[in-house]
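This report concerns only the one structure given below.
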Amino acid sequence: PARIGRESVLIQYSVDTRLDCMFHAFFVDLLSDPHLPPSPFPKLANCLTQSLLKMQLWYESNRNICSRLVSNSIRQDMKGQEFFIYHIPECSAFGHYSSLSMIDKRSYRLVGKCALVFASVKTVMTRGNFKITVDTAVSGFTPLYGRVSPYLLTVELKEHLYVEGPESQEDEILIS
Numbered sequence: 001p002a003r004i005g006r007e008s009v010l011i012q013y014s015v016d017t018r019l020d021c022m023f024h025a026f027f028v029d030l031l032s033d034p035h036l037p038p039s040p041f042p043k044l045a046n047c048l049t050q051s052l053l054k055m056q057l058w059y060e061s062n063r064n065i066c067s068r069l070v071s072n073s074i075r076q077d078m079k080g081q082e083f084f085i086y087h088i089p090e091c092s093a094f095g096h097y098s099s100l101s102m103i104d105k106r107s108y109r110l111v112g113k114c115a116l117v118f119a120s121v122k123t124v125m126t127r128g129n130f131k132i133t134v135d136t137a138v139s140g141f142t143p144l145y146g147r148v149s150p151y152l153l154t155v156e157l158k159e160h161l162y163v164e165g166p167e168s169q170e171d172e173i174l175i176s
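Throughout the sequence shown, residue numbering follows our numbering, covering 1 to 176 in sequence.
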C-alpha cells in the first residue's frame, strides 16, 4: 500500500541520515545526567547541529569544507613566530592555526564583549629587561560558539602571562 511505502521511505531516510543514532545519543546523554534540565531543547539543538555538520562532511568535497571552515584572514603573529602563534585581526583572536580556523569571527566578537564584563584589568609590569603583560583570554570550548554550537552555554576565561625580553636572560624572569 502507498501509506506503508511512504513510511518505509521515511524510516529509510532517517537511517541513512543517522537520525536514529543522533536521537539515541541525545537520550543517553539527557537521561544519564543526575538531574534533568529544565528544557532539553538546547541540548537537542546542539545534537541536531552536530548531526547536520557530520552529514555535510560526508557529502561535500574536502576543498569546499576547508574553504568554508578555514578563515582566510588568519595571519602569523610576528612576535610569536617561533611558537607558531597566529592572529585574526578582526576579532583580536590569537592561537594555533588549527584552533583559529574554527572561530566564527562575528560570534567571537560578541563573546569578547560579554567577557569584558568579567575580565580583570590588563596589567603591564616591567621587571628588569622584561615586560610582563597579564591579561584575560577566552578559552576552552567558548570560541566554538557560532560555528559548532548554536548556544553559548558557558564562558571560560583564563588569565595569561605574556613575557617579552631577551632570551639570554630568561632564567632571571623565573627567579623574580
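Idealized CB from N, CA, C, for every residue including glycine.
* To do: From the DSSP output, in three-state form, read off residue 151 for me.
  => On the sequence shown, position 151 is the one that residue 151 refers to. Residue state, collapsed to three classes: coil.
* Using 10 angstroms around the beta-carbon of residue 91, count the other beta-carbons present and answer buried if the total reaches 16, otherwise exposed. => Residue 91 sits at position 91 when you count from the first residue of the sequence shown. Looking at its Cβ environment, which holds 16 or more other Cβ atoms inside 10 Å, residue 91 is buried.
* **When 95, 13, 43, 38 are compared against residue 55, the one with the closest alpha-carbon** => Sequence index remark: in the sequence shown, residue 55 carries index 55 (1-based). Closest option to residue 55, Cα to Cα, is 13.
* Simplified DSSP state of residue 171, which is helix, strand or coil -> Working through the sequence shown from its first residue, we reach residue 171 at position 171. In this structure, residue 171 counts as helix in the three-state DSSP scheme.
* Asked: When the Cα atoms are used, what is the spatial distance from residue 162 to residue 144?
  -> To locate residue 162, count along the sequence shown from 1; it is residue 162. To locate residue 144, count along the sequence shown from 1; it is residue 144. Each residue's Cα considered, the two are about 24 Å apart.
* Where residue 137 and residue 100 are concerned, what is the direct C-alpha to C-alpha distance, given to the nearest angstrom? -> For the purposes of this step, residue 137 is taken as residue 137 along the sequence shown, with counting starting at 1. For the purposes of this step, residue 100 is taken as residue 100 along the sequence shown, with counting starting at 1. If you draw a straight line from the Cα of residue 137 to the Cα of residue 100, it is about 14 Å long.
* To do: Indicate whether residue 111 and residue 155 have their beta-carbon atoms separated by less than 9 Å.
  => On the sequence shown, position 111 is the one that residue 111 refers to. On the sequence shown, position 155 is the one that residue 155 refers to. In this structure, residue 111 places its C-beta atom within 9 Å of the C-beta atom of residue 155.
* To do: Please classify residue 5: does DSSP put it in a helix, a strand, or coil?
  => For the purposes of this step, residue 5 is identified with residue 5 of the sequence shown, where counting begins at 1. In this structure, residue 5 counts as helix in the three-state DSSP scheme.
* C-beta atoms of residue 164 and residue 135 nearer than 9 Å -> Against the sequence shown, residue 164 aligns to sequence position 164. Against the sequence shown, residue 135 aligns to sequence position 135. Residue 164 is not a Cβ neighbour of residue 135, given a cutoff of 9 Å.
* For my contact list, residue 43 and residue 27 are in at a C-beta cut-off of 8 Å; report their separation, rounded to the angstrom. => Within the sequence shown, numbered from 1, the residue matching residue 43 stands at position 43. Within the sequence shown, numbered from 1, the residue matching residue 27 stands at position 27. Between residue 43 and residue 27, the beta carbon gap of about 10 Å keeps them out of contact (Cβ cut-off 8 Å).
* Helix, strand or coil: how does DSSP classify residue 49 here? -> Translated into the one-based positions of the sequence shown, residue 49 becomes position 49. DSSP places residue 49 in helix when its eight states are reduced to three.
* To do: Would you mind sorting residue 107 into buried or exposed? The rule is 16 or more other CB atoms within 10 Å of its CB.
  => Reading the sequence shown from its first residue, position 107 is the one you call residue 107. Residue 107 should be labelled buried.
* To do: Can you give me the Cβ contacts of residue 166 inside the same chain, cut-off strictly under 7 Å, excluding the 5 residues immediately before and after it?
  => In the sequence shown, residue 166 corresponds to position 166, counting from 1. Only 129 meet the Cβ criterion.
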